[in-house]
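First residue of the sequence shown? That's 409 in our numbering, and the numbers climb one at a time after it. The block underneath contains the structure these notes are about, expressed in structure tokens.
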Amino acid sequence: MLEVKAICEDCKEKFKVNSETISKTTFKTNDGKIVDVVHYECPKCGRVHYVQIDDENTKRLLENSKVVMKQAMVYYFRKQTPPKKIKTKLEKIKKKISSARLQLMKDYNNTVFVDLQSKEEVNMHFSL
Ligand SMILES: [Zn+2]
Numbered sequence: 409m410l411e412v413k414a415i416c417e418d419c420k421e422k423f424k425v426n427s428e429t430i431s432k433t434t435f436k437t438n439d440g441k442i443v444d445v446v447h448y449e450c451p452k453c454g455r456v457h458y459v460q461i462d463d464e465n466t467k468r469l470l471e472n473s474k475v476v477m478k479q480a481m482v483y484y485f486r487k488q489t490p491p492k493k494i495k496t497k498l499e500k501i502k503k504k505i506s507s508a509r510l511q512l513m514k515d516y517n518n519t520v521f522v523d524l525q526s527k528e529e530v531n532m533h534f535s536l
């Protein structure tokens, strides 16, 4: 299981984050966009850290990257090296995704999101 070390921004507690402690919530932004935000909680003080955001654009790019990944897998299954073209394409998409996500975090930092399920308002502060 993939584990990432994290430090709480409030109480400086060090803890591990994995797929069991990380969650994703769908929000509506202040300008009406529907986005998925990935977050985890500090086990000591309960501070929520918002670490990743996806909108229609990054979700589409993610789908694209999956398609290219599958193309590469075909070569790996045959124990061949995928052509450089495929690797370059994948790297390009990944770069696009990370810069688009970063831009979204900057654009929406300290704005109010509405949780689509609980209708609760959350002041979004991203951990950049
Ligand atoms: Zn904490």
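Idealized CB from N, CA, C, for every residue including glycine. Values in this document were obtained by computation on a predicted structure and should not be read as measured data.
Rounded distance between the beta-carbons of residue j and residue i, thought under 8 Å
i: residue 365; j: residue 458; result: Because residue 365 is not part of the residues shown, which for the chain are 409 to 536, the question remains open.
Among the options, the one whose alpha carbon lies nearest that of residue i
i: residue 442; options: 462, 454 and 452; result: 462
i: residue 516; options: 460, 524 and 478; result: 460
Inter-residue Cα distance where the pair is residue i and residue j
i: residue 427; j: residue 412; result: 10 Å
i: residue 511; j: residue 475; result: 24 Å
i: residue 485; j: residue 472; result: 20 Å
i: residue 466; j: residue 487; result: 31 Å
Same chain only: Cβ atoms within 8 Å of residue i, ignoring 5 sequence neighbours per side
i: residue 483; result: 489, 490, 491 and 494
i: residue 528; result: 522
i: residue 504; result: 469
Contacts around residue i, its chain only, beta-carbon distance under 7 Å, and the 5 residues preceding and following it disregarded
i: residue 430; result: 446 and 448
i: residue 438; result: 519 and 520
Sequence-distant residues of the same chain with beta carbon closer than 6 Å to residue i, five excluded per side
i: residue 452; result: 419 and 421
For residue i, the residue or residues it bridges with in DSSP
i: residue 529; result: 522
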